[in-house]
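Taking the working numbering, I'd label the letters of the sequence shown as residues 5 to 283.
We put the beta carbon where it would ideally sit given N, CA and C, even for glycine.
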Amino acid sequence: MNRPLYPLEGVVSWNMNTTCSYRCSYCTQRFVDDRKQWAKDLPRFIAALTALPGDWEVKLSGGEPFQHPGFLDAVGALAAGGVRVSVVTNLASPPEKLARFAALTAARPGLLSASLHLEYADPDAFAEKLAAFAASYAGRVCVTCVATRENLPRLPDLRERFDAAGLRFKVQPEKQDRDVIDYSPAERQALLSLGGHNDTGRVDPDFSGRLCWAGARYFIVDHRGEVYRCYPARRYRQERLGSLLDPAFLRGLRKEAFPCPYTYCNCTVPQERGMVDTR
Ligand code: SF4
Ligand code: SF4
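Listed below in structure tokens is the structure:
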């Protein structure tokens, strides 16, 4: 079994709130009872995240993380603690708030992943706003869009248009009830010609049985501090690694790569960072 190299920079995906002003038809959180929850005790979250051993990147997401009342405070505190900060956002926040994010993360910039939700956002206005942000952002920028059946025919043009503006455009298969929807062979082919899930070249990757560093150098944490190995682990309520806010948490973090027990991996980070052998 191939053992992927030790990842020098670990990554945490922190779903810091469930709050969002949109209600996308495909949102994985639309069945959450309370869409107004957010991480409350920020200093404890920040203390735990900045105490992780070695180099780490924290990817902030939600809901819509810019809607967390302490979002910029958290960004500033994480950056001051030496953490690389990235964000997944629907880009609905005012340009001044986006610019503040850029300024706070300038010393160790990460990635701003802008989700284009065609049920709410106009692509022209979205592209214009993102280009203006990117002009003064030291980090990387990309655009993602969910390939609903309705969106799929529009995606090649959108990709061309964002590519022409120097903005990487990635598609994400739609999921319902935990799994990728039942695309027809032609729709699957269309998705693959657009790069597959987040440009990974696959629609619903299966790495079961392979060694993966998720659980050691990658994990996800929600607004309550609950930690799981990766998104499939949380979906199936398996491989819970404890509470980030528990002082004993670090002892529970794994030290080795472990075999993947899931037959569908929608975690882009471990795939893109070589934490699992995707060949
Ligand atoms: S913008 Fe994101 S978090 Fe908000 S409803 Fe849409 S998919 Fe869900
Ligand atoms: S589902 Fe993906 S991230 Fe999770 S253990 Fe498997 S390969 Fe790793």
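(Q) Checking 8 Å against the spacing of the C-beta atoms, do Thr152 and Ala118 come in under that value? (A) No, they are not a contact pair.
- Cβ neighbours of Tyr141 in the same chain (closer than 6 Å, five flanking residues each side left out): Excluding positions up to five away in sequence, the list reads Ala106.
Any heavy atom of ligand 1 closer than 7 Å to the beta-carbon of Ser119? The answer is yes for Ser119.
Worksheet item: Since Gly219 and Glu243 are thought to touch, with beta carbons under 8 Å apart, how far apart are those beta carbons, to the nearest angstrom?
Response: Confirmed, about 6 Å.
Q.
Across the region 19-34 and the region 60-72, are there enough close Cβ pairs to call them in contact, namely three or more that are closer than 8 Å?
A. Look at the beta carbons and you see the region 19-34 touching the region 60-72: at least three pairs across the two are nearer than 8 Å.
### Contacting residues, own chain, Cβ-Cβ under 8 Å from Val16 (five flanking each side not counted)
If we look at Val16 and ignore the five residues flanking it on each side, its Cβ neighbours are Leu53, Leu56, Trp60, Glu61, Val62, Lys63, Tyr222, Phe223, Ile224 and Val225.
Let me check you understand the geometry: is the CB of Phe211 closer than 7 Å to at least one non-hydrogen atom of ligand 2? The answer is yes for Phe211.
Whole-angstrom distance between Ala103 and Tyr124, CA atom to CA atom:
A straight-line Cα-Cα distance of about 22 Å links Tyr124 and Ala103.
- [ ] Within 10 angstroms of the Cβ of Ser90, are there 16 or more other Cβ atoms? Answer buried if so, exposed if not.
- [x] Ser90 should be labelled buried.
Do Val145 and Leu134 have their C-beta atoms within less than 8 Å of each other?
For Val145 and Leu134, yes; Cβs fall inside 8 Å.
**Prompt:** Quick one: what does DSSP say Leu12 is sitting in, helix, strand or coil?
**Reply:** Per DSSP, reduced to three states, the secondary structure at Leu12 is coil, with no helix or strand assignment.
*From this set, Gly58, Val87 and Leu108, which residue's C-alpha is nearest Leu76's C-alpha?*
Residue nearest to Leu76 within the set Gly58, Val87 and Leu108 is Leu108 (criterion: CA-CA distance).
Fill in: CB of Thr272 within 8 Å of CB of Thr204, strictly
Cβ atoms of Thr272 and Thr204: closer than 8 Å.
I need the boundaries of the beta strand (DSSP E) containing Gly114, first residue and last residue. Run containing Gly114: Pro113 to Ser119, per the beta strand (DSSP E) assignment.
Excluding the 5 residues preceding and the 5 following Glu276 in the sequence, name in chain order all residues of the same chain whose CB lies nearer than 6 Å to its CB.
Answer for Glu276: no residue qualifies.
Closest by CA to Val175, which one among Leu156, Tyr235 and Asn19? Cα-wise, what sits closest to Val175 is Leu156.
Separation of Pro263 from Tyr187, as counted between CA atoms
Approximately 28 Å, taken between the alpha carbons.
Open item on the list: Run through the DSSP bridge pairs and tell me what Asn21 is partnered with.
Closed with: Answer by DSSP bridge pairing, in chain order: Trp42.
> Are Leu46 and Gly278 touching if we call contact CB-CB under 8 Å?
Replying inline: Not in contact: Leu46 and Gly278 (Cβ atoms no closer than 8 Å).
Contacts around Arg172, its chain only, beta-carbon distance under 6 Å, and the 5 residues preceding and following it disregarded: Taken in chain order, the residues that qualify are Cys146.
| said: Would Phe49 and Leu248 be called neighbours here (beta carbons separated by less than 8 Å)? | reply: The criterion of a C-beta distance shorter than 8 Å is satisfied by Phe49 and Leu248.
Notebook entry, point to check: In three-state DSSP terms, what is Leu215?
Noted result: If DSSP states are grouped into helix, strand and coil, Leu215 belongs with the strands.
### Query
Where does Val87 fall in DSSP's three states?
The three-state secondary structure of Val87, taken from DSSP, is coil.
So, helix, strand or coil for Ser197, using DSSP?
Residue state, collapsed to three classes: helix.
Give me the residue from Leu122, Ala237, Gly143 and Cys31 with the minimum Cα distance to Leu116. Measuring from the Cα of Leu116, the nearest candidate turns out to be Gly143.
Contacts around Asp167, its chain only, beta-carbon distance under 8 Å, and the 5 residues preceding and following it disregarded: Contacts found: Phe173.
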